[in-house]
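For what it's worth, the UniProt record's numbering labels the leading residue of the sequence shown as 1, then goes sequentially. Backbone N, C-alpha and C define an ideal beta-carbon position, used for all residues, glycine too. Structure, as structure tokens:
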Amino acid sequence: MSDVLIAGVITVFVLSWLIPVVGILIMLESRGPFFFIQKRSGRRAVPFACFKFRTMRHAQPRSGFRQTEREDARVTRLGRFLRKTNLDEMPQFLNVLMGDMSLVGPRPHAIPHDAMHWSETAYRERYWAKPGITGLAQVRGSRGATGMTQRMDHRVRYDHVYIPRQTFLLDMKICMRTVGLMFTGDKNAW
1 MSDVLIAGVI TVFVLSWLIP VVGILIMLES RGPFFFIQKR SGRRAVPFAC FKFRTMRHAQ
61 PRSGFRQTER EDARVTRLGR FLRKTNLDEM PQFLNVLMGD MSLVGPRPHA IPHDAMHWSE
121 TAYRERYWAK PGITGLAQVR GSRGATGMTQ RMDHRVRYDH VYIPRQTFLL DMKICMRTVG
181 LMFTGDKNAW
């Protein structure tokens, strides 16, 4: 319940002006909608529509799934800034208000990405918790593309540390660290 209250306050005082401002900047830089909406797996692997600010050039959907890479030509200049500061994730406060996400929890992955790792029990267990806008793995440096199994294992380990220890105090520490990364920039965001 505190997640929804916090998300409501942020929506009223931050998103109410941030969405129009960033939306206009995105549409001035490249054609297309300012939101990127992607099906992701939520709690108990139930799919939901995850909102983000669009950080890539708008293109026709292609078959297959391709993660963003370092120096990816699809990412716009504004998109690089939004990613580095985590501002691209701000629309996910709407997902918290809708009950699909929490402020803190394991990050939700795209459905095709889940399919690549679903056979691993430890990976599936991350979906016992509601996914979050940020998480322990993200503030500990495990953010961005997870194409390599080693990177995914690292992220899953942090999720397994967080889930049984989930408390309001730990969530607030993770939120504060996330805010700090917004100001210093995240080297793992591209």
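Considering only residues of the same chain and omitting the five flanking positions on each side of residue i, which have a CB-CB separation below 8 Å?
i	result
residue 2	168
residue 58	30, 31, 32 and 33
residue 175	103, 104 and 134
residue 42	48, 100, 101, 108, 127, 130 and 131
residue 12	none
residue 45	114, 124 and 127
residue 182	85, 86 and 87
residue 97	4, 7, 8 and 11
Please return the same chain residues whose Cβ sits closer than 6 Å to the Cβ of residue i, not counting the five positions on each side in sequence.
i	result
residue 39	47 and 111
residue 94	51
residue 177	139
residue 22	53
residue 74	56 and 57
residue 185	84
residue 162	136
residue 78	25 and 29
So who's on the other strand from residue i, going by DSSP bridges?
i	result
residue 119	Residue 119 is not bridged to any residue.
residue 110	40
Please list, in chain order, all residues of the same chain as residue i whose beta carbon is under 7 Å from its beta carbon, the five residues on each side excluded.
i	result
residue 118	124
residue 76	29, 30, 55, 56 and 57
residue 196	One cannot answer for residue 196 here, as it falls past the ends of the chain, which runs 1 to 190.
residue 6	103
Kindly indicate the opening and closing residues of the beta strand (DSSP E) around residue i.
i	result
residue 134	132 to 134
residue 15	Neither: residue 15 is in no beta strand (DSSP E) and is coded neither H nor E.
residue 30	That residue, residue 30, is in no beta strand (DSSP E); it is neither H nor E in DSSP.
residue 102	102 to 104
In the DSSP assignment, the alpha helix (DSSP H) including residue i goes from what residue to what residue?
i	result
residue 180	168 to 184
Counting Cβ pairs, one atom from each stretch, are 3 or more of them under 8 Å apart for the segment 94 to 104 and the segment 113 to 124? no
Continuous beta strand (DSSP E) assignments of at least 3 residues falling wholly in the segment 38 to 96: 47 to 53
Counting beta carbon pairs with one atom in the segment 151 to 159 and one in the segment 131 to 138, are three or more of them shorter than 8 Å? yes
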